[in-house]
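Visitor: For the sequence shown, our numbering begins at 142 and goes up steadily by one. The beta carbon of each residue, even a glycine, is placed where N, CA and C say it ideally should be. If you're wondering where the values come from, they're calculated on a predicted model, not measured in any experiment.
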Amino acid sequence: MLPVIKMAAVFALVVLMLQRKINLGVTMMAAALALGLLFGMGLVSIIKQAGLTFADSGTLTLMLALILIMVLESVMRRSGMLGDMTGSIFLLHWNPKVLTAAIPAIIGFLPSAGGARFSAPLVEQAMTGSSYRAEEKVFINYWFRHVWEYSLPLYPGIILAAQLSGVPLGRIILWQWPFTVVWALLGYWLVFRGKKMEICSSTPVQQPLDKRPIVLLISSIWPILATVGLVIAHVPIVLALLAVLAALMAQKKYPLIQVWDTLREPMTAGIVFLIWGTMAFKDILQVSGAVSQVSGIFISSGVPPYAVAIVLPLMAGILTGLVQACIGVSFPLVLGVVEPTAAYVMLAYVSAVVGVMMSPVHLCFILTNDYFQADFFRSYRSLIAPSLLVLAGAVTLFGFASSRGVMAWSLHLLH
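#1: Which word fits LYS238, buried or exposed, when buried means at least 16 other C-beta atoms lie within 10 angstroms of its C-beta?
#2: Do the CB positions of TYR291 and PHE506 come within less than 8 Å of each other?
#3: Would you check if there are 3 or more beta carbon pairs closer than 8 Å linking the stretch 318-337 to the stretch 387-401?
#4: In chain order, what residues of the same chain lie with their CB nearer than 6 Å to the CB of TRP316, ignoring the 5 residues before and after it?
#5: Taking the alpha carbon of MET456 as the reference point, which residue from GLU277, LEU358, SER215, LEU532 has its own alpha carbon closest?
#6: State the Cα-Cα distance for the pair VAL428 and ALA242, rounded to the nearest angstrom.
#7: Grouping DSSP H, G and I as helix and E and B as strand, with all else coil, what is TRP289?
#8: If you count every other CB in all the chains shown that lies within 10 Å of the CB of GLN392, and 16 or more means buried, which is it?
#9: Just checking my contact of ILE459 with SER500 at CB under 8 Å: how many whole Å lie between their CB atoms?
#10: Grab me the residues of ALA542's own chain with a C-beta within less than 7 Å of its C-beta, minus the 5 sequence neighbours each way, in chain order.
#11: Between ILE247 and VAL264, is the Cβ-Cβ spacing less than 8 Å?
#12: Scan the stretch 194-231 and note each continuous alpha helix (DSSP H) run of 4 residues or more that stays entirely inside, going in chain order.
#13: Helix, strand or coil for PHE414, going by three-state DSSP, please let me know.
#14: Going by beta-carbon coordinates alone, are PRO364 and LEU233 separated by less than 8 Å?
#15: Roughly how many angstroms separate the alpha carbons of LEU476 and PHE439, rounded to a whole number?
#16: Looking at ILE416: is its Cβ nearer than 8 Å to the Cβ of ALA173?
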């Protein structure tokens, strides 16, 4: 049990540092250092391994992908596409319930820390005059803001999961897109069923004279749709982002100097250090023997592999409240126990996201709850049941995908 205790100590270090608001990249690097020392590696060996990790093509590709996503988001924001995106929703005059759910979902196309705070005022405006409680507004903004977490290749967590597991990103998306649909439908049914809602009489934008709202919406989200399409067509994420970014900059006549300004922002160094720390943690888990020791204990204890794929990411998500951190610390351990198949990656990833959504330290939840001045525990309680239902759906899908293995273990229990 000693290796498990050591891993628990490393997990505790990660949680403690994140609670103290220490940079995630610094946290992951500190966790990698602590992990190596606890499992018998010398300081020189740890530093050498960190250097090898940084120079690895997989690490560099991941860094480049996330930096390109950051640049794409910056171009879309500075060129006014994000404003067109949100404004076109109001101008479409959809069913007011659909409109309200669509606002945080559209904002969620562009992943950013605490992004739910950006959509909260728009949700409030769309719900002006409604009888919904503050806690219900929190649920709407928080839940629909994260609807793309399972299937959008612009989210760092899903890119990281593909890199760590070796399963192609497009294949992961094909496995996980149903959860985006289920997430949206479940949230809509829970919060809007049986309630009336009037159309908001005022909108934050005026309709442009030269574009219909639907044309405005499509013209503002095409870079995201194009990226998703290219990735599903098995184009490497870096090439897909480069192609889309080049086309977007040509369309908007976007100056290169502004791209350079974006690259000089502190966030670029933050991305580099985050990926370096996460990948160093993964490599030191392997080199130090931690994965083999911990997985050996799970296997010898008779713990079924799919239980490991559920529990570890779920608990890591609840404790950290960050998808990237959760994937970084739990996936290497899970992949030491299970086969790196799309089914197992789906199960572990959905467990991770559900854990993060149920985390009381999730930044988006804290900011949304604060904006609407809602009761913390009432808001939090409303998330538990639907999150667990989504997890149950993942377990069911996994069961169908690998029914022989699951049924064999179930029969073993019955005997």
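Guide: From the atom records:
#1: Counting from one through the sequence shown, the residue named residue 238 turns up at place 97. Of the residues assessed, LYS238 falls on the buried side of the cut-off, its CB having 16 or more other CB atoms within 10 angstroms.
#2: As a first step, residue 291 is located in the sequence shown; it is residue number 150 there, counting from the start. As a first step, residue 506 is located in the sequence shown; it is residue number 365 there, counting from the start. The answer is no: Cβ separation not under 8 Å.
#3: Remark: fewer than three beta-carbon pairs, one from each stretch, lie closer than 8 Å, so the stretch 318-337 and the stretch 387-401 are not flagged as touching.
#4: Indexing the sequence shown from 1 puts residue 316 at position 175. Short of 6 Å from the beta carbon of TRP316, and not among the five residues preceding or following it, lie these beta carbons of its own chain, in chain order: ALA483, MET487.
#5: Mapped onto the sequence shown, residue 456 falls at position 315. Nearest of GLU277, LEU358, SER215, LEU532 to MET456, Cα basis: LEU532.
#6: Here residue 428 corresponds to residue number 287 of the sequence shown, with the count starting at 1. Here residue 242 corresponds to residue number 101 of the sequence shown, with the count starting at 1. Approximately 46 Å between the Cα atoms of the pair.
#7: Stepping through the sequence shown from its first residue, residue 289 is reached at position 148. Looking at TRP289 - three-state DSSP - the assignment turns out to be coil, as it is neither helix nor strand.
#8: Position 251 of the sequence shown holds residue 392. Per the 10 Å Cβ criterion, exposed.
#9: In the sequence shown, the residue the question calls residue 459 occupies position 318. In the sequence shown, the residue the question calls residue 500 occupies position 359. Rounded to whole angstroms, the Cβ separation of ILE459 and SER500 is 5 Å, and the two are in contact under 8 Å.
#10: Here the question's residue 542 lines up with position 401 in the sequence shown. Excluding five sequence positions before and after ALA542, the CB atoms of its chain that fall closer than 7 Å to its own CB belong to ALA484, given in chain order.
#11: As a working note, residue 247 is residue 106 in the sequence shown. As a working note, residue 264 is residue 123 in the sequence shown. Taking the C-beta atoms as reference points, VAL264 is found no nearer than 8 Å to ILE247.
#12: As far as the stretch 194-231 is concerned, its whole alpha helix (DSSP H) runs of at least 4 residues are 198-219.
#13: Position 273 of the sequence shown, counted from the start, is the residue given in the question as residue 414. DSSP places PHE414 in the helix class (H, G or I) of the three-state scheme.
#14: Position 223 of the sequence shown, counted from the start, is the residue given in the question as residue 364. Position 92 of the sequence shown, counted from the start, is the residue given in the question as residue 233. No, these two residues do not count as a Cβ contact at 8 Å.
#15: Position 335 of the sequence shown, counted from the first residue, corresponds to residue 476. Position 298 of the sequence shown, counted from the first residue, corresponds to residue 439. If I take the Cα positions, the gap works out to 12 Å.
#16: The residue labelled residue 416 in the question sits at position 275 within the sequence shown. The residue labelled residue 173 in the question sits at position 32 within the sequence shown. Taking a C-beta distance under 8 Å as the contact criterion, ILE416 and ALA173 do not qualify as a contact pair.
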